[in-house]
Amino acid sequence: MGVALTRAAQWTTAGVGTGTLEITPLNESLLNEIIKFTESFSSKHLLEAAFVFKEPLEWQTKLEPSAFETGYEVSEKRVQSQEKDKDGQPLLLLTGSTIKVRSFGQLSRLLHMAAEKRLKEAQACLEANRDPIVKILGPGYGTIEGEDLSMLRLLDKVKKDDASDTEIKMKISLLLQQLDMQLLNSSLKQISQEVRLTPAAVKNEVDLLKRFSGAREDAVLESVEYTSDYEFSNGCRAPPWRQVHGEICYLIIKPRDTDVMYVTCSTAGVFLNGGRGKERDEIDYERKSDISKDLVTFLRERSATFAENMGKQKYTFFDEPKYEKHYQHMEVVEADEYGQAQKFYDYSEKNVFEKPRSPPIKSKASDSKKLEPSLKWKTAPGSREGKGAKKEIKEEKDSKPSPAEGRKKSSLGSSTAAKPKTSIKPDDISESSSESEEEDEQPERHQEINTDLPSEYWQIQKLVKYIKAGNQTATVIALCSMRDFNLSQETCQLAIRDVGGLEVLINLLDTEEIKCKIGSLKILKEISQNPQIRRTIADLGGLQIMVKILDSLDQDLKCLAAETIANVAKFKRARRTVRQHGGIKRLVGLLDCSHMGSAHRFTPLQGKEIEVARCGALALWSCSKSARNKDAIRKAGGIPLLAQLLKSPHSNMLIPVVGTLQECASEPSYRLAIKTEKMIENLVKNLNSDKEELQMHCASAIFKCAEDQETRDLVRQHGGLKPLATLLSNSGNKELLAAVTGAIWKCSISKENVTKFREYRAIETLVGLLTDQPEEVLVNVVGALGECCQEQANRGIIRRCGGIPPLVALLTGTNQALLVNVTKAVGYCATEPESMMIIDRLDGVRLLWSLLKNPHPDVQASAAWAICPCIENAKDAGEMVRSFVGGLELIVNLLKSDNKEVLASVCAAITNIAKDQENLAVITDHGVVPLLSKLANTNNDKLRRHLADAISRCCMWGSNRVGFGDTKAVAPLVRYLKSSDPAVHRATAQALYQLSEDPNNCITMHENGVVKLLLGMAGSTDETLQEAAAGCIANIRRLALATEKAKYG
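In terms of this note's numbering, the sequence shown opens at residue 388 and continues consecutively.
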């Protein structure tokens, strides 16, 4: 409480007198917290409430004697409590207006009796007793600057003295420290929201206001002047005895529509003061208005003309002033905060002139201060400071453990950390290249200590030092005290690490004391949220010990160890360590729980087993980001156990279980297991959960598994399509939306599912998601629409809902997956003439053509396929294609690609382009014939079909038939007739028919046995194939007859 009053409370005077608490929102909040603590003290802590203070708390009260009721001896001007100490002195004594209180019990009763006056009483008490802890516990517990040894002395007394008085003192001290931390955190949250002005920012505003002030009509003010022309070296114009209050300067402002205003500019903001006195030189510094954040805001609120003329300005009035976050009265403020030589008002953090701080440290200029100080990380045994990412890369390559040191089963008196010996199998040295790296390997931060550290930093370091030297009882007490701090704050985490606390905590895990292990793990679990702490824990061999703890008989230990592993295993090296030391098998063993089938109330023992399984699933979830770990989980028998846990009715169990499954579903073996273990039904069931995170993981698992036809059918049969369609309406949660749209995309591959989605009106919702969404959502939405618009009815829905323009707009993106999906969707829409008109109007075909330049073959192929229906359904397609400058040359050059899909799609596009004679002539000039001929020896049936179609079309210009013969494309085409694909037969027969118009080609065909192959196809039920085969045979036969006639006459 003393620290909070010294550093966080706002006092009205400094350097003179005792000072009073100003009633500000911050102070009122602090007082209410203290009142709440005191009022409930006697009911929560009976023994401590009866403790008699070393000295009474004394102040001037506003309470009358009549306010005191039972339990007090009341006279006209005197009140004393019936409750007395061992010397017979009353614990509460009121004489006149002076009151003395000597116990928390009496303080609690007094505040209850004060009722609505309690705030004033608490204020008066604290103003009169600036360090109340001294009077409550004695001078040894006073709030001091620097290192506070009171806790260490108290712990020493616990070891040496068994007196109950000492134990009660310790409890009260701990309770008051907890209150102190609570008050500091509360004030820090409030103060951190405040923006503080600087002299430079104020001067900038005043200068600019002067520039736009004057007599002209559009002026914002008549005048603005400083009260003093003298400027101190720190930029302030206020006298030094006012700078200690944070005041920067005083202004006389004459608005155009109101009276003259006397204004104070301070670090806290801008407000009205009392103006000048009669003698004109004295200023009444007292605040007369609310505080505004800056001058412009202040004037806007008080002058309508100022606000109006400001709105008329066509220029930027002024640059946004550079505010700096400043934590009022907190010790984290830099001594040289504004980069000037000396600040008088920096000393306003203390209410009286105190021992000066260390000299100002020059630091790099920055526009803002972080809430937590940036600390220098000291080098600890086994850590990587000063070695940076280079050493980390080396560790990742050879993955050898650090040199082992002999670890003794330590007694609590010896807490020096050492790394356990490890043995690694040779086949574990290498790591899968597919393993994702969630955290980048970055060198740790090395920053100068250029700020005063908060008290928590030093208090935690003292506790760590005491753990090193204390006995069992003292160690447990110190661990409990450490947990009272906010361990999620970086300051607290760094304090533990900087003094070697991580080594101590990890070493405690290797003792035989259960309480110490539990206390250590609880702290490690909290601080391992920090990425740098995680790496240090791994460096110090903490994971190996935690893996061993998983074999413990104590359920709490197993839970805490698994949860800590879950936090630490966020990066590749840690996940590998867990696997190499048998952690995966042990974690899978934790999943074996036989009480998951129903939602009935469990016994405490059963509840523990379920919690152990949940923590095991959490750890496996983190570990499953590694490909090798996924395989290890499967080999350890994790799949059936995960399937069993998936039947749990508890969402806190299901989230890590489904999270693990969806992570592992990237592996084919897991997708097969999810289907065969009948997990799809439970995944579908949990889509209806009220937990969005669970819905997201279920949808993500379906997304990855629904590539399989049978899985898609199972999702439909178990009623999973309707909840997926319903979840599309939750557009606020982007992660959930990405998973749901992905699941819908893959499920839409089946036509039966598309029909269902149409019934649930999911297509209309998907069209609405084509704008203002992140790329991961858009990829899935467009992919789903691409599958859906293969049916004519759905294409009509997309067009009527206005889906064509946003689809065309997405063609200008850069995301490869999105471009592949959007070109596919636009291509299907282009098969409808009405949609094609919209695409053409929006210049969609030109955008598709430009994607042929994209470096990714998948995008090139998808764009070429989409161009085909565009050419087929566009009005005057030939002219449209010719309008694309360099477009025909571009598509012909793509025939040089090595990608079979690109070649097939380009051949299909050339088939459509060649329908126009002028375009056919152009692509012939660009060398399409030899390029097509080079592809003739392919064995890919898809390419064969479209290549044959392209050759067939290109034969219809000039001497192209002869050209194909000269470039030896005919003989390979004959072999196409031996393919098992009827579509290849049809296209090849048509190409051969066109080529047979040239006599030399007929000879080549005959020599390669084409007649026998075509005779069988002449009887086909496919009329096009039948006619082409018959025509080719007829041409060959006519050539033979003409040859015989010429030979024999």
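We put the CB at the ideal spot given by N, CA and C, even for glycine.
query, result
"In terms of residue numbering, what span does the alpha helix (DSSP H) encompassing Leu940 cover?", "Counting along the chain, Leu940 falls outside any alpha helix (DSSP H), and DSSP gives it neither H nor E."
"Just to confirm, is the Cβ distance from Leu965 to Cys1010 under 8 Å?", "It is Val, not Leu, that sits at residue 965 in the sequence shown. Yes, these two residues count as a Cβ contact at 8 Å."
"Report yes if the C-beta of Tyr1057 is less than 7 Å from at least one heavy atom of the ligand ADP; otherwise report no.", "For the structure depicted, the ligand ADP is absent and the ligand set is empty, with no information on it obtainable."
"Please report the residue range of the beta strand (DSSP E) in which Phe658 lies.", "656 to 659"
"From Lys1262 to Cys1255, what does the alpha carbon distance come to, in whole angstroms?", "14 Å"
"Rounded C-beta distance between Cys1188 and Val1166? I'm assuming under 8 Å.", "Not really, about 20 Å apart at Cβ, beyond 8 Å."
"Based on Cα-Cα distance, which residue from Leu911, Leu1426, Ile1089 lies nearest to Asn1387?", "Leu1426"
"If you measure between the beta carbons of Glu1068 and Trp1008, is that distance less than 8 Å?", "no"
"Please list the terminal residues of the continuous alpha helix (DSSP H) segment that includes Cys1010.", "991 to 1010"
"Within the same chain, show all residues whose beta-carbon is closer than 7 Å to that of Arg1424, passing over the 5 residues directly before and after it, in chain order.", "none"
"Less than 8 Å separating the beta-carbons of Gly888 and Val851?", "yes"
"Please say whether Leu444 and Pro526 have beta carbons closer to each other than 8 Å?", "no"
"Helix or strand or just coil, what does DSSP make of Val886?", "coil"
"With Ala1052 and Cys1092 assumed to form a contact (beta carbons below 8 Å), what rounded beta-carbon distance in angstroms separates them?", "6 Å"
"Looking only at DSSP bridge pairs, what is Gln630 linked to?", "None; Gln630 has no bridge partner."
"Identify whether Trp1252 lies in helix, strand or coil by the three-state DSSP scheme.", "helix"
"Which value, in whole angstroms, describes the spacing of the CA atoms of His1313 and Pro1242?", "22 Å"
"With Val607 as the anchor, note down where its beta strand (DSSP E) starts and where it stops.", "No beta strand (DSSP E) holds Val607; DSSP gives it neither H nor E."
"Does the Cβ of Asn1299 have 16 or more other Cβ atoms within 10 Å, making it buried, or fewer, making it exposed?", "buried"
"Apart from the five residues on each side of it in sequence, which residues of its chain come closer than 8 Å, Cβ to Cβ, to Asn516?", "Leu444, Glu445, Trp446, Lys522"
"Leaving out five residues before and five after Glu1163 in sequence, what residues of the same chain have Cβ atoms less than 6 Å from its Cβ?", "Ala1125"
"Quick one: is Lys1399 buried, meaning 16 or more other Cβ sit within 10 Å of its Cβ, or exposed?", "exposed"
"Could you tell me the distance, in whole angstroms, from the CA atom of Cys636 to the CA atom of Asp646?", "20 Å"
"With H, G and I counted as helix, E and B as strand and the rest as coil, what does DSSP make of Cys1175?", "helix"
"Determine the DSSP secondary structure at Glu1079, reduced to helix, strand or coil.", "helix"
"Note down, in chain order, each residue of its chain lying with its Cβ closer than 6 Å to the Cβ of Pro1193, except the 5 sequence neighbours on either side.", "Leu1157, Thr1158"
"Assess, as a yes-or-no matter, whether the region 913 to 928 is touched by the region 867 to 884 under the definition of 3 or more beta carbon pairs within less than 8 Å.", "yes"
"Between which two residues does the alpha helix (DSSP H) harbouring Pro841 extend?", "Counting along the chain, Pro841 falls outside any alpha helix (DSSP H), and DSSP gives it neither H nor E."
"Closest to Val1246 by C-alpha separation, out of Thr1199, Met1223, Asp1095, would be which residue?", "Thr1199"
"Buried or exposed for Leu1238, please, with buried defined as at least 16 other CB atoms from any protein chain shown within 10 angstroms of its CB.", "buried"
"Check for me: the beta strand (DSSP E) holding Arg465 runs from which residue to which?", "465 to 468"
"Taking buried to mean at least 16 other C-beta atoms within 10 Å of its own C-beta, is Ile1420 buried or exposed?", "buried"
"Please confirm whether Ile1225 and Ile1185 have their CB atoms less than 8 Å apart.", "no"
"Which residues bound the alpha helix (DSSP H) around Tyr1215?", "1203 to 1216"
"Mind checking Trp1132: buried by the 16 CB within 10 Å criterion, or exposed?", "buried"
"How many angstroms separate the CA atom of Cys1294 from the CA atom of His1372?", "17 Å"
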